[in-house]
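This report refers to the structure that appears directly beneath it.
In my numbering, the protein residues as written are 22 to 356.
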């Protein structure tokens, strides 16, 4: 029955796209939503240190990092602050800056892999943060990957009208439905800053001891982070279909989510991808399984509890979801 619900919702959201911008959310975000900058507040002591002074001296506006530097006037720890953070909000990181720490804050293997997959043309990248309990981790992985394979076979993106000025995509890979999974060990030292970023700025809502999930898309936009326990087909569908639906609300701040700190020159990478992209093979009957990469190794990462919905800001999408549900109910009553 859930499969029928998914197909009806896909059809309804596709119909909504016909009346406006037909670019799917994941591609609209990639083309037109620059990553919000994090703020690195450098303490006076770290600004005088060799690593901090070198970083400040060589930091320019041309950096591919979505990062702003501020010299703190007060003694204490340096801090990495989430975009649009309230003054009393918990930072993404705090401590003493040295060369190793600066490297951890700005780059990591999982972030490099995420950028590669997005530029390659994936709709979104799921991150599975492993708890260390093998049975729970494998169960969460199996549920996620099975559903992603199903969605890749049945889900469709809105038909794009090349003559509609509001539906023009920028340079980059061909549009397609493709999701994959990156698995990260909770205690992997190189990914600790990333795990805090994935957990989000409101990370005081829950601490999970089990595996948890996050979905990132566009130029490092995180749609949400949720405990894997109880996060099944319905929730996976909701998250993926949100990204595949037509972008009926183009204002980034009115959409759910927050950004990651990434070291990526998106415009250059997408321009190159657009020059080398090969059209999808129309003879392929089923997509390959979602690609999974495990990032091989401190404390449990905080996460945001699942909500009943993603807080869809777009009224059109919400209306279509309601209409889709009504259509499913009517169909079930007739059968």
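Just so you know, even glycine gets a beta-carbon here, dropped at the ideal spot from N, CA and C.
Does DSSP put residue i in a helix, in a strand, or in coil?
i, result
"residue 287", "helix"
"residue 29", "At residue 29 the pLDDT is 38, less than 50, meaning the model places this residue with poor confidence and gives no usable figure here."
"residue 103", "coil"
"residue 187", "helix"
"residue 60", "strand"
"residue 202", "strand"
"residue 45", "strand"
"residue 292", "helix"
"residue 180", "coil"
"residue 196", "coil"
"residue 89", "strand"
"residue 95", "coil"
"residue 212", "helix"
"residue 217", "helix"
"residue 230", "coil"
"residue 427", "With the chain covering 22 to 356 only, the question about residue 427 has no answer from this structure."
"residue 207", "coil"
"residue 83", "coil"
"residue 52", "helix"
"residue 108", "coil"
"residue 277", "coil"
"residue 121", "helix"
Residues in its own chain within less than 8 Å of residue i by CB, not counting five upstream and five downstream?
i, result
"residue 153", "206, 207, 208"
"residue 190", "44, 48, 52, 181, 196"
"residue 238", "46, 47, 50, 51, 139, 144, 145, 146, 244, 264"
What are the boundary residues of the beta strand (DSSP E) that residue i is part of?
i, result
"residue 246", "242-248"
"residue 150", "145-151"
"residue 233", "233-238"
Pick from the options: whose alpha carbon is nearest that of residue i?
i, options, result
"residue 69", "202, 93, 85, 47", "93"
"residue 262", "279, 112, 244", "244"
"residue 55", "86, 221, 61", "86"
"residue 135", "148, 125, 84, 160", "148"
"residue 296", "194, 172, 170, 105", "194"
"residue 115", "176, 288, 60", "60"
"residue 250", "234, 260, 258, 240", "234"
"residue 283", "71, 79, 74, 84", "84"
"residue 167", "218, 122, 246, 257", "257"
"residue 255", "156, 164, 155, 76", "164"
"residue 146", "203, 219, 248, 72", "203"
"residue 268", "155, 219, 179, 210", "179"
"residue 169", "236, 240, 276, 275", "236"
"residue 242", "260, 229, 230", "260"
Using a Cβ-Cβ cut-off of 7 Å (strictly less than) and excluding sequence neighbours within five positions of residue i, which residues of its own chain qualify?
i, result
"residue 64", "93, 96, 97, 98, 99"
"residue 110", "103, 222"
"residue 101", "59, 61, 112, 113, 114, 126"
"residue 212", "129, 131, 205, 316"
"residue 122", "116"
"residue 80", "90"
"residue 232", "149, 150, 151, 152, 157, 158, 161, 249"
"residue 406", "A query on residue 406 cannot be resolved here, the shown segment of the chain reaching from 22 to 356 and no further."
"residue 285", "85, 136"
Over what stretch of residues does the alpha helix (DSSP H) that includes residue i continue unbroken?
i, result
"residue 137", "130-141"
"residue 117", "No alpha helix (DSSP H) holds residue 117; DSSP gives it neither H nor E."
"residue 281", "Per DSSP, residue 281 belongs to no alpha helix (DSSP H) and is neither H nor E."
"residue 159", "155-175"
"residue 265", "254-265"
"residue 361", "Since the first residue of the chain shown is 22 and the last is 356, residue 361 is not available in this structure."
Suppose the cutoff is 6 Å on Cβ atoms and the five residues either side in sequence are ignored; what does the same chain contact list for residue i look like?
i, result
"residue 140", "290, 294"
"residue 73", "63, 67, 118"
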